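Contents: one structure, followed by commentary.
Numbering (full-length UniProt numbering), first residue to last: 1 to 144.
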């Protein structure tokens, strides 16, 4: 299995700043690996909400995470400021695959990078539905 390349900031289209918290550090003195997945989720959903493409409280369509992965390149720790870069790598009929890069402070090389796949479903039936136009437009805006 080959190691993925360490991405730089220029490979991402949208950035969200996330402050690390004291509780993010684990016993080894760096951010626990599970926290990176919270940051992925925060970055993707922050973009969608601000773009007006996702109504998390009353929208008829919601995104369910069906697959995710992360490669770690360098440690982060409190009190780092994380810059989470997001781009869209693939848009399907009812799904989207995001790439996310996590950059500590002013670093140009990612401390971690991964992917995050949503399948959009009807809120009530949980069955896949085509991406709504507003969502598709927002996704196209950050497509690689």
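The beta-carbon is built from N, C-alpha and C at its ideal position, and this holds for glycine as well. Since the structure is predicted, the reported quantities are computational estimates derived from the model, not experimental observations.
With distance defined between alpha-carbon atoms, name the residue in 35, 139, 97 and 14 nearest to residue 20. Counted from its first residue, the chain shown places residue 20 at position 20. Minimum Cα distance to residue 20 is reached at 35.
Rounded distance between the beta-carbons of residue 123 and residue 145, thought under 8 Å: What is shown of the chain runs 1 to 144, which leaves residue 145 out entirely.
Buried or exposed (CB count within 10 angstroms, at least 16 for buried), residue 14: Position 14 of the chain shown, counted from the first residue, corresponds to residue 14. Classification for residue 14: buried.
Along the chain, where does the beta strand (DSSP E) containing residue 80 start, and where does it finish? The residue labelled residue 80 in the question sits at position 80 within the chain shown. For residue 80, no beta strand (DSSP E) segment is defined, and its DSSP state is neither H nor E.
Which residues bound the alpha helix (DSSP H) around residue 46? Walking along the chain shown from the start, residue 46 turns up at place 46. That run of the alpha helix (DSSP H) goes 33 to 50.
Find out if the Cβ-Cβ distance for the pair residue 43, residue 138 is shorter than 7 Å. For the purposes of this step, residue 43 is taken as residue 43 along the chain shown, with counting starting at 1. For the purposes of this step, residue 138 is taken as residue 138 along the chain shown, with counting starting at 1. Not closer than 7 Å, so no.
Just the C-alpha distance for residue 105 and residue 78, rounded to the nearest angstrom, thanks. The sequence position of residue 105 within the chain shown is 105, counting from 1. The sequence position of residue 78 within the chain shown is 78, counting from 1. Using only the alpha carbons, I get a separation of about 11 Å.
Inter-residue Cα distance where the pair is residue 2 and residue 100: Here residue 2 corresponds to residue number 2 of the chain shown, with the count starting at 1. Here residue 100 corresponds to residue number 100 of the chain shown, with the count starting at 1. Between residue 2 and residue 100, the C-alpha separation is close to 19 Å.
Is the CB-CB distance between residue 4 and residue 71 below 7 Å? Here the question's residue 4 lines up with position 4 in the chain shown. Here the question's residue 71 lines up with position 71 in the chain shown. Yes, the pair counts as a contact, with Cβ atoms nearer than the cut-off.
Closest by C-alpha distance to residue 10, when choosing among 108, 143, 89 and 128: Here residue 10 corresponds to residue number 10 of the chain shown, with the count starting at 1. If we check each option's Cα against that of residue 10, 108 comes out closest.
Spatial neighbours of residue 47 in its chain, beta-carbon cut-off 6 Å, leaving aside the 5 residues before and after: Here residue 47 is taken as the residue at index 47 of the chain shown, counted from 1. For residue 47, where only same-chain residues beyond five positions count, the Cβ hits under 6 Å are 14 and 86.
So what does DSSP say about residue 2, is it helix, strand or coil? Counting from one through the chain shown, the residue named residue 2 turns up at place 2. Three-state DSSP puts residue 2 in coil, outside helix and strand.
Pick out the complete beta strand (DSSP E) segments inside the region 78 to 139, 3 residues or longer, and give them in chain order. Assignment of beta strand (DSSP E) within the region 78 to 139, counting only whole runs of 3 or more residues, yields 81 to 91, 95 to 104 and 112 to 122 in chain order.
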